[in-house]
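Working notes, structure below.
Residue numbers (the numbering used here), protein chains in the order written: chain A, 2 to 361; chain B, 2 to 361.
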C-alpha cells in the first residue's frame, strides 16, 4: 500500500518543491469543510452516528477517486500506531484532534499525497488539497471537483441564508479555508513582519508564525490565511488572499535585496556557518534545524550558497521531524538526546543524498 | 634566502608537530640570556656600544653555525618592513621589544628555524632553541653548544657568586628560561586549571594562559615555565620543569578520559560543529579560530574526529595569524573585517591542503 511509504519517506511533492514564487512560498493549501445533512457534528455524535458518517463517506470513495483522477488510500486511524498517526500529523495529512479520537475516524490520502480528506474530524468531511509554490487555483479546483462529486450523491447541511453549516463558526458559509506558507527571512531580519501582518489584517488576512511558541518564529516561516468564510464568494476569498500574498512576496524580495546590499558579508558568513553546522553537528534539536535550514535556504535564494538545490531544504525540514525519526527508529521511547543525535545523522544522510545528485 | 620563506610559509617544524606527549605538549623552548663583558646592557647602551655588540656577535657567526650543525640567516631588523617584523614576532622568532627598536638589532635564524639568536634584545644575546612535543634536552643541548662556541671566543659578563649577569633580575644566574606550551582543554573544561597552576607554583613553576587578555584563555593553551634561574643548576631547573609538566600531562589525560566518559555525546557534537564552522565560515576572528582549533584538536586526540591529522591544527593556528595574513595580502592597511574574511579563506585553504594529503 503506497500510504505505508509515508512513514518512511520524507519528501512531499507539495512542500518546498519548485512552483510559482517558490523562492518565498513553500506551499498553498485549500480546505473545504462539509457536513452531511441530518447528522450531528462529530463532537456531538454518538458512535452509531459516527459510523453512519464513515459509511456514507465510504459510499462515495470511488466517486472521489474519479473526481480527483487518481487512486486513494483509505486510512482508518484506529488501525495505526500512535507514532504513525503522529507522523501523518507532522506532515499535515491529518489534524491534531485526530491523534486521540480515532474511532470511526479516517483519512483518504491520494496517491500523490496532494489530497487528504478527513472523515469525522471537527466536521464530517474536510477536503484538503495542497500544491507547491503560490497556487490556490489548482487545489481549489480539485477540492471543488471532489465536493461536487460527493454532493451529487449525498445531501449536505446547507442553509440558503448562511451557506454550508460547520462545526466551528469560523468555517461557516463557504467552508473555505485557504492558506499560504511562506519563508520570510528578509522581512523578519529587517523587522518588518509586524507592519506586514497588520496591513494584511486590514484585508481580512491573518499572518502568523509557524512553530512559534513563546512568540518566537524559528526560521521565519509564516502562514497567511483568510479570516472570513461567510459573505464572500469563494473566488473573492482566494483572490483577496493571493493578492495579499503577492504584496508580501514583493516586500520580502525587496527586503532580501536590501540585506544583500547592506549586510552581504555578514549574511554570507551566517549562511555558510549554518551549512557547516548542518553538515557536521552530531546533535540537533528541532528548533535549531529550522533556523539553520532557513539561513541555508536564504543563502541559496540569494545566490550566496550553491552546494544544494533549494528543494533540499524542504527535505531537511521534513526528514528531521521528531515523530518521523522516532517511527523510523521503531521506538516510541527514544530519549530527547537520542532523537537529537538521530536527527543530526538524518540531516547528514539527506545532505549526502543531495550531494550525490549534484555529482552525477 | 630561506628566511624569506618565513613570511609566506606558515608551518614551523617545532610547533604542534609530532613529538613526545604531543597530544598535550605543542612545543618546548629553552632560552639562554648572555651579555658580553665590559659593555652596558642594550637598554643603557648608546649606538656605538650597540654596534660593538653586533659586530662581536657577527665575529662568531660561523662558530654558531658549526656548533648548531646548520646554516643561519643573519636578519638585520632595520632591513625588514614593520609587517615582516610582526610576522617574525607572531612566530616567536623575535620578541615584542624588537618591533620598535630595530637599529643594530638582529636575529640569527637557523635553516630549520629551531634556533633563533637575538642580538641586542633585552640582553646582548638571547639564544632560543625550540623542539616539538616535550623535549627540553635537545634545545638545551643545542643552546649550550652554541653558548660554549661563543664563550670560547668572547668574554661574558659573569660573576663568581651570582653567575651570568643579565639585564633583568629574573634571568640572573643561569640565564636559563625553559618553557613548555601545552593544550589543556580537559583541565580547563573540568575546571581544574586553578588547582594545577597553584600546585605548580609551589614547585617554582609558573603556569599561565596564552593569548589571555581579560583572564580568558581562548582554546585552553597554557605555558609552564621555570621561575628561578639563580641558585639552581641548569639540570635541576630543567628536571623540575619536566617533572611538573609530566604531572600536568597525566592530569590532563585523566581529565580527557573523564570528559569522554561523562560527556562524550556533547563533546563529539561540539568538536564536529567546530570543524563545520572552520570549514565553512566566511569570517573568523583570531580568538574564535583558536577556540575552534582547540576543539577540533581535542576531537582528534580523543578519536572523535578523523578527517584531519593532528598537525593540521598547528598549521591552522599559524596560518590564521593577523600579521601573517596582512603580509601575504601585501597590505598594511587591511580592515579588521577584511582580515577576518581572508583568515576564513586561509583556513579553508589549509583544510583543503590537508584534505588532499588525506586522499592521496
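C-beta: ideal position from N, C-alpha, C; glycine also.
Here the structure is a predicted model, which means the values were calculated and not measured.
Within chain A, the residues that residue 287 of chain B reaches when beta carbons sit closer than 9 Å: As a working mapping, residue 287 of chain B is identified with position 286 in the second chain. Result: empty, since nearest Cβ-Cβ is about 15 Å, beyond 9 Å.
Within chain B, partners of residue 263 of chain A - CB distance below 7 Å: As a first step, residue 263 of chain A is located in the first chain; it is residue number 262 there, counting from the start. Result: empty, since nearest Cβ-Cβ is about 14 Å, beyond 7 Å.
Euclidean distance between Cα positions of residue 137 of chain A and residue 210 of chain A: Mapped onto the first chain, residue 137 of chain A falls at position 136. Mapped onto the first chain, residue 210 of chain A falls at position 209. Their Cα atoms are separated by approximately 20 Å.
Cutoff 7 Å; reference residue 23 of chain B; Cβ partners in own chain excluding five residues on either side: Position 22 of the second chain, counting from 1, holds the residue named residue 23 of chain B. Closer than 7 Å at Cβ, skipping near neighbours: 133, 134.
Proximity below 8 Å, CB of residue 54 of chain A to CB of residue 33 of chain A: Here residue 54 of chain A corresponds to residue number 53 of the first chain, with the count starting at 1. Here residue 33 of chain A corresponds to residue number 32 of the first chain, with the count starting at 1. No, the Cβ-Cβ distance between residue 54 of chain A and residue 33 of chain A is not below 8 Å.
C-beta atoms of residue 194 of chain A and residue 27 of chain A nearer than 8 Å: Working through the first chain from its first residue, we reach residue 194 of chain A at position 193. Working through the first chain from its first residue, we reach residue 27 of chain A at position 26. No, Cβ-Cβ distance for residue 194 of chain A and residue 27 of chain A is not below 8 Å.
Proximity of residue 333 of chain B and residue 25 of chain B at Cβ, strictly below 8 Å: Residue numbering aside, residue 333 of chain B sits at position 332 when the second chain is read from its first letter. Residue numbering aside, residue 25 of chain B sits at position 24 when the second chain is read from its first letter. No; because the gap between Cβ atoms is not below 8 Å, this pair is not in contact.
Span separating the alpha-carbon of residue 59 of chain B from that of residue 246 of chain B: Residue numbering aside, residue 59 of chain B sits at position 58 when the second chain is read from its first letter. Residue numbering aside, residue 246 of chain B sits at position 245 when the second chain is read from its first letter. C-alpha separation (whole angstroms): 37 Å.
6 Å Cβ shell around residue 349 of chain B - same chain, five flanking residues per side excluded: In the second chain, the residue the question calls residue 349 of chain B occupies position 348. Here the set comprises nothing.
Helix, strand or coil at residue 99 of chain B [DSSP, three-state]: Counting from 1 along the second chain, the entry for residue 99 of chain B is found at position 98. Of the three classes helix, strand and coil, the one that applies to residue 99 of chain B here is helix, per DSSP.
Chain-ordered chain A contacts of residue 14 of chain B [CB-CB under 7 Å]: Residue 14 of chain B sits at position 13 when you count from the first residue of the second chain. What residue 14 of chain B touches in chain A: nothing, since even the nearest Cβ is about 30 Å away.
Separation of residue 261 of chain B from residue 241 of chain B, as counted between CA atoms: As a working mapping, residue 241 of chain B is identified with position 240 in the second chain. As a working mapping, residue 261 of chain B is identified with position 260 in the second chain. Distance between the alpha carbons of residue 241 of chain B and residue 261 of chain B: 31 Å.
Test: residue 356 of chain B CB closer than 8 Å to a CB of chain A: Along the second chain, read from residue 1 onward, the residue named residue 356 of chain B stands at position 355. For residue 356 of chain B, the answer is no, since every Cβ of chain A falls outside 8 Å of its Cβ.
Residue 244 of chain A versus residue 95 of chain A - alpha carbon distance: As a first step, residue 244 of chain A is located in the first chain; it is residue number 243 there, counting from the start. As a first step, residue 95 of chain A is located in the first chain; it is residue number 94 there, counting from the start. Those two C-alpha atoms are separated by around 28 Å.
Residues near residue 164 of chain B by beta carbon distance below 7 Å, same chain, minus five either side: As a first step, residue 164 of chain B must be located in the second chain, where it is residue number 163. Spatial neighbours of residue 164 of chain B in its own chain (CB-CB distance under 7 Å, excluding positions within 5 residues in sequence) are listed in chain order as 173, 174, 175, 231.
Any chain A beta carbon closer than 8 Å to residue 350 of chain B: As a first step, residue 350 of chain B is located in the second chain; it is residue number 349 there, counting from the start. Chain A contact via Cβ: absent.
Rounded separation between residue 120 of chain A and residue 93 of chain A - CA only: The residue given as residue 120 of chain A occupies position 119 in the first chain. The residue given as residue 93 of chain A occupies position 92 in the first chain. Each residue's alpha carbon lies about 15 Å from the other.
DSSP state of residue 337 of chain B mapped onto helix, strand, coil: As a working mapping, residue 337 of chain B is identified with position 336 in the second chain. Three-state result, residue 337 of chain B: helix.
Proximity winner among B:170, B:167, B:186, relative to residue 302 of chain B (alpha-carbon distances): If you number the second chain from 1, residue 302 of chain B lands on position 301. Measuring from the Cα of residue 302 of chain B, the nearest candidate turns out to be B:186.
Closer than 7 Å at the beta carbon, the chain A residues around residue 274 of chain B: Residue 274 of chain B sits at position 273 when you count from the first residue of the second chain. 278, 281, 282, listed in chain order.
CB of residue 177 of chain A within 8 Å of CB of residue 90 of chain A, strictly: Numbered from 1 along the first chain, position 176 holds the residue referred to as residue 177 of chain A. Numbered from 1 along the first chain, position 89 holds the residue referred to as residue 90 of chain A. Result no, Cβ atoms of residue 177 of chain A and residue 90 of chain A do not sit closer than 8 Å.
Chain-order list of residues whose beta-carbon lies under 7 Å from that of residue 306 of chain A (same chain, five-residue window excluded): For the purposes of this step, residue 306 of chain A is taken as the residue at position 305 of the first chain. Closer than 7 Å at the Cβ level, and outside the excluded window around residue 306 of chain A, lie 272, 273, 276, 297, 300.
Residues near residue 328 of chain A by beta carbon distance below 7 Å, same chain, minus five either side: What you label residue 328 of chain A is simply residue 327 of the first chain in a count that begins at 1. 8, 84, 85, 88.
Span of the alpha helix (DSSP H) around residue 112 of chain A: Here residue 112 of chain A refers to the residue found at position 111 when the first chain is read from its first residue. Here residue 112 of chain A belongs to no alpha helix (DSSP H), and DSSP marks it neither H nor E.
Contacts of residue 269 of chain B in chain A (Cβ-Cβ under 7 Å): To locate residue 269 of chain B, count along the second chain from 1; it is residue 268. Near residue 269 of chain B (Cβ distances below 7 Å), the residues of chain A are 283.
Own chain, CB closer than 6 Å to residue 106 of chain A, minus 5 neighbours either side, in chain order: Your numbering for residue 106 of chain A matches position 105 in the first chain. Counting only Cβ-Cβ distances below 6 Å, and skipping sequence neighbours, we find 78, 99, 121.
Whole-angstrom distance between residue 219 of chain B and residue 287 of chain B, CA atom to CA atom: Taking the first residue of the second chain as 1, we reach residue 287 of chain B at position 286. Taking the first residue of the second chain as 1, we reach residue 219 of chain B at position 218. One C-alpha to the other measures close to 10 Å.
Pair within 8 Å by beta-carbon distance, residue 294 of chain A and residue 155 of chain A: By 1-based counting over the first chain, the position of residue 294 of chain A is 293. By 1-based counting over the first chain, the position of residue 155 of chain A is 154. No; because the gap between Cβ atoms is not below 8 Å, this pair is not in contact.
Residues sharing a beta bridge with residue 127 of chain A, DSSP: Indexing the first chain from 1 puts residue 127 of chain A at position 126. DSSP output for residue 127 of chain A lists A:34, A:119 as bridge partner(s).
Chain B contact for residue 360 of chain A (CB, 8 Å cutoff): Counted from its first residue, the first chain places residue 360 of chain A at position 359. The pLDDT assigned to residue 360 of chain A is 40, lower than 50, so where the model puts this residue is not dependable; a value taken from the coordinates is nonetheless given after this. No, because no Cβ of chain B sits closer than 8 Å to the Cβ of residue 360 of chain A.
Sheet register partners of residue 210 of chain B (DSSP bridge): Within the second chain, numbered from 1, the residue matching residue 210 of chain B stands at position 209. Paired residues: B:223.
Beta-carbon proximity list for residue 12 of chain B, same chain, < 7 Å, skipping 5 on both sides: Residue 12 of chain B sits at position 11 when you count from the first residue of the second chain. Leaving aside the five residues that flank residue 12 of chain B on each side, the residues in its chain whose CB is nearer than 7 Å to its CB run, in chain order, 316, 319.
Three-way DSSP call (helix, strand, coil) for residue 163 of chain B in this model: Looking up residue 163 of chain B in the second chain gives position 162. Coil at residue 163 of chain B, not helix or strand.
Residues within the segment 293 to 317 of chain A neighbouring chain B, beta-carbon criterion of under 8 Å: none
Supposed contact pair residue 148 of chain A and residue 35 of chain A - C-beta distance, whole angstroms, cut 8 Å: As a first step, residue 35 of chain A must be located in the first chain, where it is residue number 34. As a first step, residue 148 of chain A must be located in the first chain, where it is residue number 147. With a beta-carbon spacing of about 7 Å, residue 35 of chain A and residue 148 of chain A fall inside the 8 Å limit used to define contacts.
Where the alpha helix (DSSP H) through residue 77 of chain A begins and ends: Walking along the first chain from the start, residue 77 of chain A turns up at place 76. No alpha helix (DSSP H) holds residue 77 of chain A; the beta strand (DSSP E) holding it covers 73 to 77.
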